[in-house]
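Numbering (my numbering), first residue to last: 1063 to 1322.
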């Protein structure tokens, strides 16, 4: 699992530099490593790490849609990676919302862009079923209907609850500051920041909606929050409020662990 975590760090660094999500520094990577380490210490599961890496690969393709080059190929790739991620951990399938949000933000004018993700999902489903039936003679359990119930009992477990509460506080504080920093910028340059904000929103939908609740549920928050924290730091390095927020960002997890 450590190899996958290291690969995810390198992938985040590539995404940030390629798409200019921050200035030429390592603030996003540092924030990402800090948040990911916090979740890993709190028993992040291997299936969640695999799904997270695959979703990052999808996000890499979606953010690059702003160039409007090879749009359909990028949409297919993104939906393909997320569909595979959902095989590793079913909750990752909620990130398919990001593909359609990517179409809406970057290139909604071509109706064919809305259809491409369905072909990618179909391709993954066919590959999965073909492989499954080669070694089994029954319908895979993954596709069988199961009872769903909203159960909050897992949140009583502090190893699940404290990272989630911390990420919730971070979202409420950092995401609005991050978006407000782009209020005076032309619309074309707001598209990537808007995608990051919506990625955080989708991550919370997954965190709340997927049952049972585990640290896998909140792992998709790590990347958008790292970008938000890094941008806030870059824009307001001389302001006291920024220093206060950064110290809170660093010290809250340790304080929570001491209390728990």
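Every residue, glycine too, gets a C-beta built ideally from N, C-alpha and C.
Of the residues 1113, 1193 and 1229, which one's Cα is nearest the Cα of residue 1152?
1113
Mind checking which residues open and close the alpha helix (DSSP H) that includes residue 1107?
No alpha helix (DSSP H) contains residue 1107, which DSSP labels as neither H nor E.
Answer with buried or exposed for residue 1131, where buried requires no fewer than 16 other C-beta atoms within 10 angstroms of its C-beta.
exposed
Same chain, Cβ closer than 6 Å to residue 1134, five either side skipped, listed in chain order:
1178
Stretch-stretch touch, CB-based, cutoff 8 Å, three pairs: the stretch 1081 to 1100 with the stretch 1282 to 1292
yes
Contact under 8 Å by Cβ, residue 1024 with residue 1160
With the chain covering only 1063 through 1322, there is no way to say anything about residue 1024.
Cβ separation of residue 1296 and residue 1084, assumed to be a contact under 8 Å, to the nearest whole Å:
6 Å
How many angstroms separate the CA atom of residue 1127 from the CA atom of residue 1285?
18 Å
Taking only the alpha-carbon atoms, compute the straight-line gap between residue 1148 and residue 1196 and give it to the nearest angstrom.
21 Å
Suppose only complete runs of 4+ residues qualify. What are the alpha helix (DSSP H) ranges in the stretch 1266 to 1297, listed by chain order?
1284 to 1297
Closest by CA to residue 1163, which one among 1101, 1287, 1255 and 1186?
1255
Note down, in chain order, each residue of its chain lying with its Cβ closer than 8 Å to the Cβ of residue 1186, except the 5 sequence neighbours on either side.
1142, 1145, 1146 and 1149
Indicate whether residue 1121 and residue 1261 have their beta-carbon atoms separated by less than 8 Å.
yes
Range covered by the alpha helix (DSSP H) that runs through residue 1192
1174 to 1197
Decide if residue 1100 is buried, meaning its Cβ has at least 16 other Cβ atoms within 10 Å, or exposed.
buried
Whole angstroms is fine: what's the gap from residue 1325's alpha carbon to residue 1097's?
Outside the shown range of the chain, which is 1063 to 1322, sits residue 1325, and nothing can be said about it.
What ranges does the alpha helix (DSSP H) occupy inside the stretch 1099 to 1152, keeping only unbroken runs of at least 4 residues that lie completely in it?
1108 to 1125 and 1133 to 1150
Can you check whether the CB of residue 1156 is closer than 8 Å to the CB of residue 1235?
no
Taking only three categories from DSSP, how would you classify residue 1252?
helix
By a C-beta neighbour count over all protein chains shown, 10 Å radius and 16 as the cutoff for buried, is residue 1119 buried or exposed?
buried
Roughly how many whole angstroms lie between the Cα atoms of residue 1174 and residue 1140?
15 Å
In angstroms, rounded to a whole number, what distance separates the CA positions of residue 1279 and residue 1086?
31 Å
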